[in-house]
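Novice: Below is one structure. I have some questions about it.
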Amino acid sequence: MSNEFQEAVRRISGREREVLGHLVHGDTYGEIARRMNVSPHTVDTYLRRIRAKTGARSRMHLLLLALSAEGSSAHTLEDTGLMEAPRLPGRPEPSGESRI
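Quick note: our numbering has the sequence shown finishing at residue 1474, numbered continuously throughout.
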């Protein structure tokens, strides 16, 4: 499943990839919205589109797929840009450990 997910991630738009990257890093909808200068509703719209394109059944399923793909092949997610989401001021940098 993670190979299919990784291929789907390569096909999502740059803004969708940015939203997914922030989600993977644990940012809230509000934080993502502020960082991207959009409304939380727009963040939700991006996530619905990402779920449709990746086959994820829910936000949690999307996050689990992304984290599973990260764990199985982090370099592949780096290639898609997910591991390069900009950090918000005051948010700690990821330590490289799982955030579950």
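C-beta atoms are modelled at their ideal positions from N, C-alpha and C, and glycine is treated no differently.
(1) State yes or no: is the beta carbon of R1409 nearer than 7 Å to at least one beta carbon in chain D?
(2) Can you check the segment 1380-1408 for any alpha helix (DSSP H) of at least 4 residues that lies completely inside it and give the ranges in chain order?
(3) Check for me: the alpha helix (DSSP H) holding A1426 runs from which residue to which?
(4) Go ahead and label A1407 buried or exposed: buried means 16 or more other beta carbons lie within 10 angstroms of its beta carbon, across all protein chains shown.
(5) Tell me the rounded alpha-carbon separation between D1401 and S1413.
(6) Take N1377 and list the residues in its own chain whose beta-carbon comes closer than 6 Å to its own, dropping the five residues that flank it on each side.
(7) Just to confirm, are A1443 and L1436 a CB contact at a threshold of 7 Å?
(8) Given a cut-off of 7 Å on the beta-carbon distance, is the pair T1419 and A1382 in contact?
Specialist: So, to answer that:
(1) The structure shown contains no chain D; it is built from a single protein chain.
(2) 1388-1398
(3) 1414-1428
(4) buried
(5) 14 Å
(6) none
(7) no
(8) no
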